[in-house]
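Chemist:
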Amino acid sequence: MEDILRLHKVRHQYNGRTVLDIPDLKIGRGSIVGLAGPNGSGKSTMLKILSLVEKCSHGTLFFENKAITPFAKGARHLLTFLPQETYLLKRSVFDNISYGLKIRGQKKELSLCVAQALELVGLSSSFAERQWSELSGGEAQRVALAARLAIKPACLMLDEPTVSVDMESARNIRRAILLARQEWGTTLVISSHHQSWLNDISDRIVYLYNGRLLDYSYKNVLLGPWEKFSDELFVVKMTDGQLLYASKPPKAGSSGVIAPKDIRISSSPSFGNEKNISGFVTGIFADNNPDSLCIHVVCGDQQFIVNIAVHAFQIAEIRPNQKVSLTYNPKDIVWLA
Amino acid sequence: MEFILEGLVKACQLLVQGDRETYSAIFATVKVSSISMTVSLLLGIPLGYLLGYLSFPGKKGVRTVVDTMLALPTVFIGLVVYAFISSRGPLGEAGLLFTLTGIAIGQCILALPIVIALTATSVESLDRVLRLTLKSLGASPLQIFMTSIWEARMGLLIAATTATGRVLTEVGISMMVGGNIKWHTRTITTAIAMETSKGQFATGIALGLVLLIMAFTINLALSTLRRRV
């Protein structure tokens, strides 16, 4: 796949503190890249740099193999960004959606373009007459997305697009961005804490931690704060009340990772020095390795990605929505710096 | 009390009959305040935008100076402008003393800090996500400026109203720089001061009424505009 965006030796600092350090990251044309990682890991900063909203302190952003900077002619009209905090201009919905078209010099068929953009996000064309102050949070988020889709961007960066919207709005947003890729080949980079939503929509997930890319093989990031359970074990309580065990972390707030290969999945818990947590299967996907599968399991608010050999999968008879047990050794959790 | 009522009646007569002297002062006021406000808004809005939008070393110092200038006494401005444009001053050769242009310069000095300070405050109070949103939609720096100004339009209308009020009602600059020359640089406020000192209450009241009507009309127009935008 041809690369449309590339971050090369990019380092970004705020007040001398490095918040992003990416040696090299390529994003393929028409792909959907998910950005995962805890708060403060540099996801929003990366999206701002990719969409030319911010200039990186060091390094180069390439768009279609050309180095670009903010306000670059041409590129700034092809890349766009939907921030987490939606801002609508104090005007009508029509004016908000047509703004991007007007600043690109488009004067014809504005009404048609606005109506199409509204339809993409699941809103009727009558919304165009409404004032910005007459919209709910979810509607405002969809109007803001429609304003980005109206310009038919080559690349669309979305920062937590589903964080403050209801399920229906989240579905509409998902549908709209998939349509954008299908219709115009838009490349999408999406950050989200909603792991299952992100896994579902993305072709590839990039993990960030403390501004650095994480080894793709880890995938399961376990966030603190950790509490002491015994001399050797520390725990974090998940939203469903289950305890996740780990060896002593460097700090109570440390984050750890565990590779999918280090977790075993079965229909019943196993006993011994290993620990178990139960969850539900949310997805079964093909893995890069043809001999194994990738299973997504949700335990409370934590999603785990587990690898299982195809023959073991057949024996275990794992199905979607099935309650399963994940077995792991707390010592396999690797602490991040 | 009687002389006030008499003054009111005579004031109405002067205005209805189109007294030339009264209308000369009215036209001079309208002309000079229009010039000074146009220049103040054209200079003050971009400068206020930059002060509110940009971060630069010494910004707090600049802001303090601008805020201090909000309280400049009009007689002091009149004095400074007089010193500069009088025959002995550095701009003496320009022949601006006792002209409406000279008064307009002084009124610009009066209005400019108001427009700058209130514009900067309006721009500072804009949601910080606005700039990010506009950049993300591909706006150029000029488009960001124009859109931000439009988003801050309520604050700018307040700035314009406040500055106009100050300019219309000032007397120190007009008196010192304009010299209160009949048919030439006599404005409403200088005429009121002079007529009252001469005991001509009717003319003073007539002019005062006009000043009130002008202020009321401008405020009414701006508040109507505020509701519409």
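Protein chains in written order, with my numbering: chain Y, 83 to 419; chain R, 1116 to 1344.
All C-beta atoms in this analysis are idealised placements derived from N, C-alpha and C, irrespective of residue type, glycine included.
(1) Indicate, with yes or no, if the ligand GTP has a heavy atom lying under 6 Å from the CB of R:G1270.
(2) What are the residues of the segment 113 to 138 of chain Y that lie near chain R, defined by any Cβ-Cβ distance shorter than 8 Å?
(3) Along the alpha helix (DSSP H) that carries R:I1224, what are the first and last residues, could you check?
(4) Which residues in chain R have a C-beta closer than 7 Å to the C-beta of Y:H159? List them in chain order.
(5) Touching or not, the segment 143 to 156 of chain Y and the segment 1232 to 1242 of chain R, by the rule of three or more beta carbon pairs under 8 Å?
(6) Short of 6 Å in beta carbon distance, which residues of its chain neighbour Y:C88, apart from the five on each side in sequence? Order them along the chain.
(7) Distance check for Y:I272 and R:L1227, CA to CA, integer angstroms please.
(8) Buried or exposed: where does Y:W308 fall if 16 or more other Cβ atoms within 10 Å of its Cβ makes it buried?
(9) Can you tell me whether Y:F163 is buried or exposed, with buried defined as 16 or more other CB within 10 angstroms of its CB?
(10) Per DSSP, what are the beta-bridge partners of Y:R88 in this structure?
(11) Around the C-beta of R:I1119, are 16 or more other C-beta atoms found within 10 angstroms, so that it is buried, or is it exposed?
(12) Determine the contact status of R:G1360 and R:G1193, defining contact as a CB-CB distance below 7 Å.
(13) Assuming Y:I255 and Y:L231 are in contact, meaning their beta carbons sit under 8 Å apart, how far apart are those beta carbons, in whole angstroms?
(14) Straight-line CA distance for R:F1191 to R:T1305?
(15) If you reduce the DSSP assignment to three classes, tell me which class Y:W214 lands in.
(16) For chain R, find out if any of its Cβ atoms is closer than 7 Å to the Cβ of Y:Y430; answer yes or no.
(17) Quick one: which unbroken beta strand (DSSP E) runs of 3-plus residues sit fully inside the segment 372 to 403 of chain Y? Chain order, please.
(18) Compare the C-alpha of Y:V135 against each of Y:Y96, Y:C381, Y:M239, Y:A262 and name the closest.
(19) Between Y:V247 and Y:G220, which are expected to be in contact by the criterion C-beta below 8 Å, what is the C-beta distance as a whole number of angstroms?
(20) Figure out for me which residue from R:D1134, R:H1299, R:G1280, R:M1309 has the closest Cα to the Cα of R:L1225.
(21) Over the uninterrupted alpha helix (DSSP H) stretch that includes R:F1260, give me the two end residues.
(22) Among residues of its own chain, excluding the 5 on either side of Y:H276, which ones have a beta-carbon nearer than 7 Å to its beta-carbon?
(23) Kindly say whether Y:F163, judged by its beta-carbon, lies nearer than 7 Å to any beta-carbon of chain R.
(24) With a cut-off of 8 Å on the beta carbons, I'd call Y:A252 and Y:W279 a contact; round off their distance for me.
Modeler: A quick look at the data gives this:
(1) Looking at this structure, you won't find the ligand GTP or any other ligand, since it has none at all.
(2) Flagged, chain order: K130, S133, L134, V135.
(3) Taking the second sequence and counting its residues from 1, the one referred to as residue 1224 of chain R is at position 109. Counting along the chain, the alpha helix (DSSP H) containing R:I1224 begins and ends at 1215 to 1239.
(4) Locating residue 159 of chain Y in the first sequence gives position 77, counting from the first residue. What Y:H159 touches in chain R: G1253.
(5) The segment 143 to 156 of chain Y and the segment 1232 to 1242 of chain R do not touch, with fewer than 3 CB-CB distances between them shorter than 8 Å.
(6) Translated into the one-based positions of the first sequence, residue 88 of chain Y becomes position 6. In the sequence as displayed, the identity of residue 88 of chain Y is Arg instead of Cys. Closer than 6 Å at Cβ, skipping near neighbours: K108, F144.
(7) Within the second sequence, numbered from 1, the residue matching residue 1227 of chain R stands at position 112. Within the first sequence, numbered from 1, the residue matching residue 272 of chain Y stands at position 190. When rounded, the distance between both Cα atoms is 46 Å.
(8) Position 226 of the first sequence, counted from the first residue, corresponds to residue 308 of chain Y. Counting the other Cβ atoms within 10 Å of the Cβ of Y:W308 gives 16 or more, which makes it buried.
(9) Locating residue 163 of chain Y in the first sequence gives position 81, where the first residue counts as 1. By the neighbour-count rule (16 or more Cβ atoms within 10 Å), Y:F163 is buried.
(10) Locating residue 88 of chain Y in the first sequence gives position 6, where the first residue counts as 1. In the DSSP assignment, Y:R88 forms a beta bridge with Y:K108, Y:F144.
(11) As a first step, residue 1119 of chain R is located in the second sequence; it is residue number 4 there, counting from the start. By the neighbour-count rule (16 or more Cβ atoms within 10 Å), R:I1119 is not buried but exposed.
(12) Given a span of 1116 to 1344 for chain R in the structure shown, any question on residue 1360 of chain R remains unanswerable.
(13) Indexing the first sequence from 1 puts residue 255 of chain Y at position 173. Indexing the first sequence from 1 puts residue 231 of chain Y at position 149. The pair is not a contact, with the Cβ atoms about 10 Å apart (cut-off 8 Å).
(14) In the second sequence, counting from the first residue as 1, residue 1191 of chain R sits at position 76. In the second sequence, counting from the first residue as 1, residue 1305 of chain R sits at position 190. A direct Cα-to-Cα measurement between R:F1191 and R:T1305 gives close to 16 Å.
(15) Numbered from its first residue, the first sequence carries residue 214 of chain Y at position 132. Collapsing the DSSP output to three states places Y:W214 in a helix.
(16) Outside the modelled stretch of chain Y, which goes from 83 to 419, sits residue 430 of chain Y, for which no answer is possible.
(17) For the segment 372 to 403 of chain Y, whole beta strand (DSSP E) runs of length 3 or above, ordered along the chain, are 374 to 381, 384 to 391.
(18) On the first sequence, position 53 is the one that residue 135 of chain Y refers to. It is Y:M239 whose Cα lies nearest to the Cα of Y:V135.
(19) The count along the first sequence starts at 1 and reaches residue 247 of chain Y at position 165. The count along the first sequence starts at 1 and reaches residue 220 of chain Y at position 138. The beta-carbon separation of Y:V247 and Y:G220, rounded to 4 Å, stays under the 8 Å limit for a contact.
(20) Taking the first residue of the second sequence as 1, we reach residue 1225 of chain R at position 110. Answer by Cα proximity: R:G1280.
(21) On the second sequence, position 145 is the one that residue 1260 of chain R refers to. Start and end: 1256 to 1266.
(22) Along the first sequence, one-based indexing puts residue 276 of chain Y at 194. Here the set comprises T244.
(23) Along the first sequence, one-based indexing puts residue 163 of chain Y at 81. So yes, Y:F163 belongs to the interface.
(24) Counting from one through the first sequence, the residue named residue 252 of chain Y turns up at place 170. Counting from one through the first sequence, the residue named residue 279 of chain Y turns up at place 197. Contact between Y:A252 and Y:W279 is confirmed by a C-beta separation of about 7 Å, below the 8 Å threshold.
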